[in-house]
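Report on the structure given below.
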Amino acid sequence: MAKRTLPSPITGKPVEATLVEIKEISEKPTVISLADGAVLRLKLDVIEVARFENERDPEGNPIYNVRSGNILAVLEAPESLRKKTR
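Under numbering that gives the first Met the number 0, the residue at position 26 of the sequence shown is numbered 25, and the numbers go up by one with no gaps.
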């Protein structure tokens with residue numbers, strides 16, 4: 000597996016991390032309704048996952064760094080929030 004140096008989430012110092020292959024299980028979007036009446040669909044697009052070497056959380060689990068992007072779509076918006084574009 001490839002290695003990468005990333006800032007530690009514990010100390011902030013550069014530490015070695017191992018890139019871990021992504022084997023996708025599911026990729027479901029989240030749909031949320033907001034108090035202002037809008038409905039949004041959000042999806043997390045995972046680009047890369049790295050596991051920090053020799054670093055663990057308080058329960059002893061490995062710590063991961065996830066590089067991702069968010070995809071957002073407005074499914075519904077009340078007329079009061081809309082603005083004419085032309």
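Here a beta-carbon is modelled for each residue, glycine too, at the ideal position from N, C-alpha and C.
Here the structure is a predicted model, which means the values were calculated and not measured.
Just how far apart, CA to CA, sit serine 32 and leucine 41? Taking the straight line from one Cα to the other gives about 11 Å.
Assigned secondary structure, serine 25 (DSSP; H/G/I helix, E/B strand, else coil): Residue state, collapsed to three classes: coil.
Alpha carbons only, please: which of Ala49, Gly11, Ala34 is nearest the one belonging to isoleucine 21? Answer by Cα proximity: Ala49.
Are the CB atoms of leucine 80 and aspartate 35 nearer to each other than 8 Å? Their beta carbons are under 8 Å apart, which means leucine 80 touches aspartate 35 by this criterion.
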